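**Student:** Have a look at this one before I ask anything.
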Amino acid sequence: MERIATILLLAAAAVGLGYGYMDAVERQAAQDAADSAAQELAAAEAAAQAVEDAKAKFVIPHDSDENTTAIVVALDGSGSSDADGDAITYSWTLLSGDAELIDSSNIATFTAEPGEYTIQLTVTDVYGSSSSEEKTVAVATEPNNAPEAVLEVYQED
Ligand SMILES: [Ca+2]
Ligand SMILES: [Ca+2]
131 MERIATILLL AAAAVGLGYG YMDAVERQAA QDAADSAAQE LAAAEAAAQA VEDAKAKFVI
191 PHDSDENTTA IVVALDGSGS SDADGDAITY SWTLLSGDAE LIDSSNIATF TAEPGEYTIQ
251 LTVTDVYGSS SSEEKTVAVA TEPNNAPEAV LEVYQED
């Protein structure tokens, strides 16, 4: 009788271990899924940060003049080249943002209010072969602190 009880106890312990093992496997699977989701999130955040870091960023300087809320941004394509030494022409396009590009060959400028602007430069050689590069420019609002009111009260003579 005692022996049967021992066998039953051992069987119960084995079943318990089995459940314990399954729990561990399931916990590991859940942990792996959570780790992989965290890795994907981190990768997405890193990609978003890389896009943010790649932006050329400017802040409109504070100059105590409420009427000057823009800066002139210069774009320089003079580093472009052709491997064969062919003459190249420059074409500037504002892909996003509200501004007017003023271009003269390898240099372009535009007046930028606060906002984001994406500009594309395309260079084309005499054979009609071309390549393009895009850049995003982020212009931040002129920083300004509110004045501080100070009110004192006196008795008049
Ligand atoms: Ca200003
Ligand atoms: Ca060429």
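Heads up: the sequence shown begins at 131 in the numbering used here, then just goes up one per residue. Glycine residues also receive a C-beta, built at the ideal position from the N, C-alpha and C atoms. If you're wondering where the values come from, they're calculated on a predicted model, not measured in any experiment.
Based on the DSSP secondary-structure assignment, which residues constitute the bridge partners of T198?
**Tutor:** According to DSSP, which records beta bridges pairwise, T198 is partnered with nothing at all.
**Student:** Can you name, in chain order, every residue of its own chain whose Cβ lies under 6 Å from the Cβ of G215, other than the five neighbours on each side?
**Tutor:** For G215, where only same-chain residues beyond five positions count, there are no Cβ hits under 6 Å.
**Student:** Does I218 pass the burial test, meaning 16 or more other C-beta atoms within 10 Å, or should it be called exposed?
**Tutor:** With 16 or more Cβ atoms within 10 Å of its Cβ, I218 is classed as buried.
**Student:** Beta-carbon separation of H192 and E272 under 8 Å?
**Tutor:** yes
**Student:** Do you know offhand how far S260's Cα is from D212's?
**Tutor:** 10 Å
**Student:** Applying the criterion that 16 or more other CB atoms from any shown protein chain within 10 Å of the CB defines a buried residue, is L251 buried or exposed?
**Tutor:** buried
**Student:** If you measure from the CB of E278, is any heavy atom of ligand 1 nearer than 7 Å?
**Tutor:** no
**Student:** Tell me the residue span of the beta strand (DSSP E) that contains I190.
**Tutor:** Per DSSP, I190 belongs to no beta strand (DSSP E) and is neither H nor E.
**Student:** Please confirm if S226 has its CB atom under 8 Å from at least one CB of chain B.
**Tutor:** No chain B is present in this structure, which holds just one protein chain.
**Student:** Fully enclosed by the stretch 215–279, which beta strand (DSSP E) runs are 3 residues long or longer?
**Tutor:** 218–226, 232–234, 237–242, 245–255 and 260–270
**Student:** Indicate, with yes or no, if ligand 2 has a heavy atom lying under 7 Å from the CB of D212.
**Tutor:** yes
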